[in-house]
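Enquirer: Chains as they are written, first to last, in the numbering used here: chain A, 11 to 334; chain B, 11 to 334.
Encoded as structure tokens, here's the structure I'll be asking about.
Number of protein chains: 2
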Amino acid sequence: MQNPSQFGDLYLSYLKENPFKKAPEGLYLPADYIMELGGKRFRPQLALWGTYLRDGDVNRALPIAHSVEVFHNFTLVHDDIMDDANLRRGMKTVHEKFGTNSAILSGDVMMIKAYEYLQKGNNSHLGQLLKIFNRVAIEVCEGQQMDMDFESRSDVTISEYLRMIELKTSALLGGALLLGSVNEVGEIEGSECLDTFGRWMGVAFQIQDDYLDTFGDPEKFGKKVGGDIIQNKKTILYLKAMELAGDTEKQELESWFEKNPEDPTEKVEAVSNLFTNLGVKEEILNLQDDYIKRARACLENLDVDESKRNELSQWALAMVDRNV
Amino acid sequence: MQNPSQFGDLYLSYLKENPFKKAPEGLYLPADYIMELGGKRFRPQLALWGTYLRDGDVNRALPIAHSVEVFHNFTLVHDDIMDDANLRRGMKTVHEKFGTNSAILSGDVMMIKAYEYLQKGNNSHLGQLLKIFNRVAIEVCEGQQMDMDFESRSDVTISEYLRMIELKTSALLGGALLLGSVNEVGEIEGSECLDTFGRWMGVAFQIQDDYLDTFGDPEKFGKKVGGDIIQNKKTILYLKAMELAGDTEKQELESWFEKNPEDPTEKVEAVSNLFTNLGVKEEILNLQDDYIKRARACLENLDVDESKRNELSQWALAMVDRNV
């Protein structure tokens, strides 16, 4: 099955065939729960893409794909504790359902399991695979730390914010693609552009996420529009608005972001309008466009079949452009 | 430096030369804090022992030794959250000092760092090293889960308890020794007995830990004697006592373990006396002796220089016998 349109299903079959162990239940039940909550499964698909680009059998990349997805879900479990989040994909978060201690320990074992699946990769390239995985995993933690640090800071710059989402979200997207490629070719050299491609596409994706949260079509957008505004999240929209705002608008924005009204309708509308009037929409879409261009330019340097490169590019664009 | 008496210092120098990164501080400061809290550093020394037995240069085992010690300290950070512990080695626990979120995330990054140091092991044996490390890491998590499960159970058997400490504590001791050996010889086959030796010695060590908590010499014992009784911990002493007790003594014990008196002096004395009168001391020391014998018998099968085997055996006995 070497057809990219089937990568999602191919991974889902593998996932289904590889549940966690049964006992001790307290350890593994929460892990299966989060893995089955769904999600877009971009990361495992990217690992398959990495192998596909190298003309390898994508079935060989399935353990790597799973490793990356298990790691991603481990980060969700622990992040949800840190963010005190109750819901994930419309369902109870792991710590809400199973308790914080279970969420900590199940998250831990998931991380180890991620390494266990990584170890099922090409044995002769294990050193490189492990090196990439470790680097990316550390980046993800550093990104999460930056995100937490930002909460208590009022002077976060746009470039700091972009660096944070690059580490917290995008590094693993780029890493997945790179791992799938290196599992075939053994060397990182010559595949770095895949890491960069995934990374910049990931930033574009995250910008889109922030954008849709405020400007998405409520009918198509899965979550409630305006959630970030209600929670006073300093997203890229807010940071850009603060950059573009004059003194009066700055004060107005800051004052809204200190309020937590019971009915947030007026707040969401006022802040959205402020964003629109300041020209945030256009600026953000331009910024996103820059990242997409940078990503595609990287891919030009990859020495693989051009049609496959284009296929990946189209697929990644669709990933970014969802729901608009 | 191939003299086992210097393994401790050799590792401490390596530890000192390998602090975590500086930034983000919120992520790495708690990690350095726990690593510097001290401890007996048995695990890293065992990794050096594994290499020493194979006539390898123990300096080569230092990254492996560090990997194991970093992993061990990560488990302490997360376990202390789960156990709601305030003190560790007489100092504030990580979550008490830096907050729970920091303790979760710093623990996570420590686990990744453990894999990063493992990756610095012998590159041609990386597959085997990773396999051992993953297996042991999962055992440690399963042991911690069992320990948590036991808290809400009143029917824990002695053999379940022994299995729990084998996983939670001893697996990593055996694993450290095995990793040091496999880093030299490449194959697990022929070194399994090191894993078993470390494991049974570890159980003997843990039994000693429970024993000293109640029967240790207050002058030599680092912690307050009777702490486990005060906290109603169902240690091996308690479980053995319940096994040996008649109905009256059972009720007496259970009733003490439901009380939390402000001044615990009477409780500690009464429970200690119950243990003594039931013959728990002797039974426990016999049990410990069995584990030591099993451990030493395993070592007989190891195909290495006999004098080195005996050296290890003596060193491990000293580790178990501390403070008696």
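Every residue, glycine too, gets a C-beta built ideally from N, C-alpha and C.
Closer than 8 Å, Cβ to Cβ, to anything on chain A: give me those residues from the region 208–229 of chain B, in chain order.
Expert: Flagged: no residues at all.
Enquirer: Under three-state DSSP, which class holds A/Leu312?
Expert: Numbered from 1 along the first sequence, position 302 holds the residue referred to as residue 312 of chain A. Reduced to three states, the DSSP call for A/Leu312 is coil.
Enquirer: Can the beta-carbon of A/Thr224 be found closer than 8 Å to that of A/Val235?
Expert: Residue mapping note: residue 224 of chain A aligns to position 214 of the first sequence, counting from 1. Residue mapping note: residue 235 of chain A aligns to position 225 of the first sequence, counting from 1. In this structure, A/Val235 lies closer than 8 Å to A/Thr224 by Cβ.
Enquirer: Measure from the C-beta of A/Leu5 to each C-beta in chain B and report whether the shortest distance is under 8 Å.
Expert: Outside the displayed span of chain A (11 to 334) sits residue 5 of chain A, for which this structure offers no information.
Enquirer: Is it buried or exposed for A/Asp313, if we count other Cβ within 10 angstroms and need 16 for buried?
Expert: Here residue 313 of chain A is taken as the residue at index 303 of the first sequence, counted from 1. A/Asp313 is exposed by the Cβ-count criterion.
Enquirer: If we call anything under 8 Å between Cβ atoms a contact, is A/Trp59 one with A/Leu187?
Expert: Taking the first residue of the first sequence as 1, we reach residue 59 of chain A at position 49. Taking the first residue of the first sequence as 1, we reach residue 187 of chain A at position 177. Cβ distance < 8 Å, so A/Trp59 and A/Leu187 count as in contact.
Enquirer: Give me, in chain order, the residues of the same chain whose beta-carbon lies closer than 6 Å to that of B/Val72; leave out the 5 immediate sequence neighbours on both sides.
Expert: Taking the second sequence and counting its residues from 1, the one referred to as residue 72 of chain B is at position 62. For the record, residue 72 of chain B in the displayed sequence is Leu; it is not Val. Counting only Cβ-Cβ distances below 6 Å, and skipping sequence neighbours, we find Tyr24.
Enquirer: Can you name the residues that DSSP bridges to B/Arg98?
Expert: Within the second sequence, residue 98 of chain B is the residue found at index 88, counting from 1. According to DSSP, B/Arg98 bridges with B/Met101.
Enquirer: Count the other C-beta atoms from every protein chain shown that fall within 10 angstroms of the C-beta of B/Asn320, then say buried if there are 16 or more, exposed otherwise.
Expert: Counting from 1 along the second sequence, the entry for residue 320 of chain B is found at position 310. Label assigned to B/Asn320: exposed.
Enquirer: Going by the CB atoms, is the gap between A/Gln154 and A/Asp89 shorter than 8 Å?
Expert: In the first sequence, the residue the question calls residue 89 of chain A occupies position 79. In the first sequence, the residue the question calls residue 154 of chain A occupies position 144. Yes.
Enquirer: Check this for me: beta carbons of A/Gln298 and A/Gln218, under 8 Å apart or not?
Expert: For the purposes of this step, residue 298 of chain A is taken as the residue at position 288 of the first sequence. For the purposes of this step, residue 218 of chain A is taken as the residue at position 208 of the first sequence. Contact flag set, yes.
Enquirer: Along chain B, in chain order, which residues have C-beta atoms closer than 8 Å to that of A/Leu136?
Expert: Here residue 136 of chain A corresponds to residue number 126 of the first sequence, with the count starting at 1. Those are Leu136, Gly137 and Leu140, listed as they occur along chain B.
Enquirer: Can you look up B/Pro73 in the DSSP assignment and give me helix, strand or coil?
Expert: Within the second sequence, residue 73 of chain B is the residue found at index 63, counting from 1. Helix, per DSSP.
Enquirer: For B/Glu276, is the classification buried or exposed, using 16 other Cβ atoms within 10 angstroms of its Cβ as the cut-off for buried?
Expert: One-based indexing of the second sequence puts residue 276 of chain B at position 266. Its Cβ having fewer than 16 others within 10 Å, B/Glu276 is exposed.
Enquirer: Using 8 Å as the limit for Cβ to Cβ distance, is B/Glu152 near chain A?
Expert: Counting from 1 along the second sequence, the entry for residue 152 of chain B is found at position 142. It does; some Cβ of chain A falls within 8 Å.
Enquirer: Looking at the structure shown, is B/Arg319 part of a helix, part of a strand, or coil, going by DSSP?
Expert: Here residue 319 of chain B refers to the residue found at position 309 of the second sequence. It is helical.
Enquirer: Here's a check: name, in chain order, each residue in its chain whose Cβ is nearer than 8 Å to the Cβ of B/Leu183, leaving out the five neighbours to either side.
Expert: Working through the second sequence from its first residue, we reach residue 183 of chain B at position 173. Answer for B/Leu183: Phe52, Arg53, Leu56, Gly208, Arg209, Met211, Gly212 and Phe215, listed in chain order.
Enquirer: Using a 10 Å radius around the Cβ and a threshold of 16 neighbouring Cβ atoms, would you call B/Ser77 buried or exposed?
Expert: The count along the second sequence starts at 1 and reaches residue 77 of chain B at position 67. Answer is buried; the Cβ neighbour count reaches 16.
Enquirer: Need the endpoints of the alpha helix (DSSP H) that A/Gly134 sits in, please.
Expert: Sequence index remark: in the first sequence, residue 134 of chain A carries index 124 (1-based). Before going on, a small fix: residue 134 of chain A reads as Ser here, not Gly. No alpha helix (DSSP H) contains A/Ser134, which DSSP labels as neither H nor E.
Enquirer: When the Cα of B/Glu264 is compared with those of B/Glu35, B/Glu272, B/Leu249 and B/Asp273, which residue comes out closest?
Expert: Mapped onto the second sequence, residue 264 of chain B falls at position 254. Comparing Cα positions, the closest option is B/Leu249.
Enquirer: Can you list, in chain order, the residues of its chain whose CB lies under 7 Å from that of A/Leu47, leaving out five sequence neighbours each side?
Expert: Taking the first sequence and counting its residues from 1, one reaches residue 47 of chain A at position 37. Excluding positions up to five away in sequence, the list reads Arg98, Arg99 and Met101.
Enquirer: For the region 64–76 of chain A, which residues have a CB atom closer than 9 Å to at least one CB atom of chain B, in sequence order?
Expert: none
Enquirer: With a threshold of 16 other CB atoms inside 10 Å of the CB of B/Arg40, please say whether the residue is buried or exposed.
Expert: In the second sequence, the residue the question calls residue 40 of chain B occupies position 30. Note on identity: in this sequence residue 40 of chain B is Pro, with Arg being the wrong assignment. Buried, by the Cβ-count rule.
Enquirer: Does any residue of chain B have a CB that is nearer than 8 Å to the CB of A/Asp159?
Expert: The count along the first sequence starts at 1 and reaches residue 159 of chain A at position 149. It does: the Cβ of A/Asp159 has a partner Cβ on chain B nearer than 8 Å.
Enquirer: For the ligand NAP, is there any heavy atom lying closer than 7 Å to the beta carbon of A/Glu152?
Expert: In the structure shown, the ligand NAP is absent, as is every other ligand, since no ligand is present at all.
Enquirer: Is there a Cβ of chain A sitting closer than 8 Å to that of B/Leu37, yes or no?
Expert: Residue numbering aside, residue 37 of chain B sits at position 27 when the second sequence is read from its first letter. Yes, B/Leu37 lies at the interface with chain A (some Cβ there is under 8 Å from its Cβ).
Enquirer: According to a CB-to-CB cut-off of less than 7 Å, which residues of the region 108–124 of chain B neighbour chain A?
Expert: Asn111, Ile114, Leu115, Asp118, Val119, Met121 and Ile122: these are the residues of the region 108–124 of chain B whose beta carbon lies less than 7 Å from some beta carbon of chain A, given in chain order.
Enquirer: Does DSSP put B/Gln261 in a helix, a strand or coil?
Expert: Here residue 261 of chain B refers to the residue found at position 251 of the second sequence. Correct three-state label for B/Gln261: helix.
Enquirer: Would DSSP call B/Gln216 helix, strand or coil?
Expert: Here the question's residue 216 of chain B lines up with position 206 in the second sequence. Reduced to three states, the DSSP call for B/Gln216 is helix.
Enquirer: Closer than 8 Å, CB to CB, is B/Glu27 near chain A or not?
Expert: Sequence index remark: in the second sequence, residue 27 of chain B carries index 17 (1-based). So, not an interface residue.
Enquirer: Kindly list the residues whose CB is nearer than 7 Å to the CB of A/Leu115, restricted to its own chain and excluding five residues on each side of it in sequence; keep chain order.
Expert: If you number the first sequence from 1, residue 115 of chain A lands on position 105. Counting only Cβ-Cβ distances below 7 Å, and skipping sequence neighbours, we find Leu37.
Enquirer: Taking 8 Å as the threshold (C-beta atoms), are B/Leu136 and A/Leu346 in contact?
Expert: Since the first and last residues shown for chain A are 11 and 334, residue 346 of chain A lies out of range.
Enquirer: For A/Tyr24, which of helix, strand or coil comes out of DSSP?
Expert: Indexing the first sequence from 1 puts residue 24 of chain A at position 14. Assignment of A/Tyr24 by DSSP, reduced to helix, strand and coil, places it in the helix class.
Enquirer: On a Cα-Cα basis, can you pick out the residue from A/Asp67, A/Leu309 and A/Ala95 that is closest to A/Leu204?
Expert: The residue labelled residue 204 of chain A in the question sits at position 194 within the first sequence. Closest option to A/Leu204, judged by alpha-carbon separation, among A/Asp67, A/Leu309 and A/Ala95: A/Leu309.
Enquirer: Taking a cut of 7 Å between CB atoms, which residues from the region 87–109 of chain B lie near chain A?
Expert: His88, Ile91 and Met92
Enquirer: Taking A/Pro29 as part of the alpha helix (DSSP H), name the residues at either end of that continuous run.
Expert: Locating residue 29 of chain A in the first sequence gives position 19, counting from the first residue. From DSSP, A/Pro29 is part of no alpha helix (DSSP H); its letter is neither H nor E.
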